[in-house]
Amino acid sequence: MANTQSMCTSFLGELMLGQHQLGTSTIVSRGSLTSPTTDTLKAALYLASATINAATTVYTVTGEVSGTNYTAGGVTVTNATAPTSTNSSATAGVGYWTPSASLVYTTVTLSTAFDTVLIYNSTQSNKAISVHTFSSQTITAGTLTLTMPSNTTTTALLRLATT
Amino acid sequence: MIVTTTKGDMDDSLLEHRTGTIDNENELTVWDEYWLDGELVHRSAHVTLKQSPSFAGGETATF
Chain V
1 MANTQSMCTS FLGELMLGQH QLGTSTIVSR GSLTSPTTDT LKAALYLASA TINAATTVYT
61 VTGEVSGTNY TAGGVTVTNA TAPTSTNSSA TAGVGYWTPS ASLVYTTVTL STAFDTVLIY
121 NSTQSNKAIS VHTFSSQTIT AGTLTLTMPS NTTTTALLRL ATT
Chain P
1001 MIVTTTKGDM DDSLLEHRTG TIDNENELTV WDEYWLDGEL VHRSAHVTLK QSPSFAGGET
1061 ATF
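Rendered as structure tokens:
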């Protein structure tokens, strides 16, 4: 089996249901009538032998890495930047979003090869958002840093576009 | 420089340092390894994601 980089299909429908609130809060929370809040996103690592892809709907422990100083569920994603949208023509627009800081797994030992990070919404029942793959890695008493791409219309971590 | 290893914190002068880079359309990855007498005692990696999943093709229906 293998992991495949993709936006999670379920995420697309959940956006229309208003089930994800990324970045700085701009609408009143579903949990409060008066105080806007932002969802907590997390980033979990998966073994190269796992099967995480567009069909993944929620975070799962199946295939997740384990090792010294790694907590199941992964690390919290810094979610301080609001999604942005723009258009290049009357019919071509794009909405995009990128975490505002790197994902850092500090002083971990992950001896079995891994190659994937799953971004998911821990506030909303661990609903899956996107799958990102990279070259297979192991970490020994070291730090894994995943630096985010630039938050632009063509490179942002998540992009939704009309054509 | 002090390096965190499986043997505890060690001065890097006592260790063999190996490093490498993977640069393709998907990522730029730099890894650092420290070896002691043929044993890997530290490995870190810094992955910069370049290419991310996107969804293109949103449409509105016409009446």
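In the order they appear, the protein sequences are chains V and P. FYI, the numbering used here numbers position 156 of the first sequence as 156, with every residue one higher than the one before it. For the numbering used here, add 1000 to where a residue sits in the second sequence, where the first one is 1. We treat Cβ as the ideally placed atom computed from N, Cα and C, and that holds for glycine. Computed from a predicted structure; not experimentally measured.
Can you grab the Cα-Cα spacing for the pair residue i / residue j, in whole Å?
i	j	result
Thr1141(P)	Thr91(V)	No information on residue 1141(P) is available, as it lies outside the stretch 1001 to 1063 that chain P covers here.
Ser1013(P)	Ala1045(P)	20 Å
Glu1025(P)	Thr34(V)	45 Å
Thr133(V)	Ala156(V)	15 Å
Val117(V)	Thr140(V)	18 Å
Ser89(V)	Leu160(V)	15 Å
Leu15(V)	Ile1002(P)	47 Å
Gly1008(P)	Glu1016(P)	16 Å
Gly95(V)	Asn79(V)	16 Å
Thr107(V)	Phe1063(P)	58 Å
Gln1051(P)	Ser102(V)	15 Å
Have a look at the DSSP bridge pairing and note the partners of residue i.
i	result
Tyr105(V)	Leu144(V)
Asp1023(P)	Leu1028(P)
Asn87(V)	Gly93(V)
For residue i, which option in the options has the closest C-alpha, if you only look at C-alpha atoms?
i	options	result
Leu158(V)	Tyr105(V), Asn126(V), Ser100(V) and Thr109(V)	Ser100(V)
Met148(V)	Arg1018(P), Gly1038(P) and Leu1028(P)	Leu1028(P)
Ser85(V)	Lys42(V), Thr162(V), Ala54(V) and Asn3(V)	Thr162(V)
Thr24(V)	Gly73(V), Val104(V), Thr51(V) and Thr98(V)	Thr98(V)
Thr37(V)	Ile129(V), Leu146(V), Ser130(V) and Ala82(V)	Ala82(V)
Gly74(V)	Asn87(V), Thr57(V) and Asn121(V)	Asn121(V)
Leu45(V)	Thr153(V), Ser136(V) and Asn151(V)	Ser136(V)
Let me know the secondary structure DSSP gives residue i once reduced to three states.
i	result
Gly13(V)	helix
Asp39(V)	coil
Leu22(V)	coil
Leu157(V)	coil
Ser66(V)	coil
Asp1011(P)	strand
Phe134(V)	strand
Asp115(V)	strand
Considering only heavy atoms of the ligand FMN, does any lie closer than 8 Å to the CB of residue i?
i	result
Thr1048(P)	Of the ligands one can find in the structure shown there are none, so the ligand FMN has no counterpart to examine.
* **Cβ contact (3+ pairs, closer than 8 Å) linking the segment 63–75 of chain V and the segment 110–119 of chain V** => Enough Cβ pairs lie closer than 8 Å, so yes.
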